[in-house]
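The working numbering puts the first residue of the sequence shown at -1, with every later residue one more than the last.
Note that CB positions come from ideal geometry on N, CA and C, so glycine has one too.
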Amino acid sequence: YNQILNLILPLLVTLSKDDNLAVRQTCFESLLDLSNNLNDSRSIQQVNEMIISLIKFGLSSRTSKFITTIALHLSDLCHTLSIFQIDECKFVHEIFLRLSQEKNFPECRLSCAKHFSSIIDYLGHDELSNELEKLFSDLCNDKDSKICSIMPSTIINLTKLYDNNNNNNNAEKKYMSIIWNGFLSLLNNSNYHVMIALATNLLNIFIKFSRNQDEGLLYGSICSMSA
-1 YNQILNLILP
9 LLVTLSKDDN
19 LAVRQTCFES
29 LLDLSNNLND
39 SRSIQQVNEM
49 IISLIKFGLS
59 SRTSKFITTI
69 ALHLSDLCHT
79 LSIFQIDECK
89 FVHEIFLRLS
99 QEKNFPECRL
109 SCAKHFSSII
119 DYLGHDELSN
129 ELEKLFSDLC
139 NDKDSKICSI
149 MPSTIINLTK
159 LYDNNNNNNN
169 AEKKYMSIIW
179 NGFLSLLNNS
189 NYHVMIALAT
199 NLLNIFIKFS
209 RNQDEGLLYG
219 SICSMSA
């Protein structure tokens, strides 16, 4: 396998610098697919550098197809960087915010709503309680019903991240409170498609925030919230 990899990587290096935008875009996708099969630090570093370079190029190209492709693969990007164990948190944070504000390419903001939990999983819970709290709230209150329709499933995925971190502290309570407030915002949306999405996910959302003998509903904090 290493021999094959040694043949492929030089070719990908060449393709990553091709004059044809479609070639570079496809190269970006291929590098993400390749990430699961890398096991030596040299190859990992080389592929990581190409991925970052292609993302920067794609964003600067201002072409709908390339930028949208980057947004659609946000979850794959976080997965790849986690496998590589390379800290690109600042870079991921920056491109995520940038893609979420792409007014010319609606699919980008839609993808940010869909992959929000993957971003938080990679960056850490603190990001939701800090800079990304406003973005989360904005997505739950977005004028685009397609985005709001995605948020119920995103909320469930965010609560699953909490389940994986069983720390009973104020930071975790705030994390869950932010998610709950997003849910309350969605309940005020009268769009048919948003209501269907809520109805589909309602049971799972309530299960995540349900009472139990030890903690009550989110340690009692939601009981005092006004809808």
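{"Item": "Host alpha helix (DSSP H) of R40 (start-end)", "Value": "S39 to S59"}
{"Item": "As assigned by DSSP and simplified to three states, the class of E100", "Value": "coil"}
{"Item": "Beta-carbon proximity check, R22 vs S33, cutoff 8 Å", "Value": "no"}
{"Item": "Whole-angstrom distance between H71 and L200, CA atom to CA atom", "Value": "27 Å"}
{"Item": "Nearest neighbour of D74, chosen from L19, N102, H113 and I153 [CA to CA]", "Value": "H113"}
{"Item": "Reduced DSSP secondary structure (H/G/I, E/B, other) of G77", "Value": "Checking the sequence shown, residue 77 turns out to be His, not Gly. It is helical."}
{"Item": "Beta carbon of T152 nearer than 8 Å to that of S115", "Value": "yes"}
{"Item": "Nearest-angstrom Cβ-Cβ length linking L126 and F134, presumed shorter than 8 Å", "Value": "6 Å"}
{"Item": "H191 classed as buried or exposed, judged by whether at least 16 other C-beta atoms fall within 10 angstroms", "Value": "exposed"}
{"Item": "Three-way DSSP call (helix, strand, coil) for D142 in this model", "Value": "coil"}
{"Item": "Bounding residues of the alpha helix (DSSP H) (the contiguous stretch that carries I83)", "Value": "In the sequence under discussion, the amino acid at residue 83 is Gln, which differs from the Ile named in the question. Q83 -> no alpha helix (DSSP H), and no H or E assigned at all."}
{"Item": "Minimum C-alpha distance to N4 - residue among M149, L156, V45 and F82", "Value": "V45"}
{"Item": "Selected residue, minimal CA-CA separation from T78, among D31, D16, S98 and K63", "Value": "D31"}
{"Item": "Best match in A195, S41, N18 and H123 for proximity to P233 [C-alpha to C-alpha]", "Value": "The chain is shown only over -1 to 225; residue 233 falls outside these bounds and no answer can be derived."}
{"Item": "Same chain, Cβ closer than 8 Å to D16, neighbours up to 5 away in sequence not counted", "Value": "R22 and C25"}
{"Item": "Cβ distance (whole Å) where L159 is taken to contact D124 below 8 Å", "Value": "Contact doesn't hold; Cβ gap of about 12 Å is too wide."}
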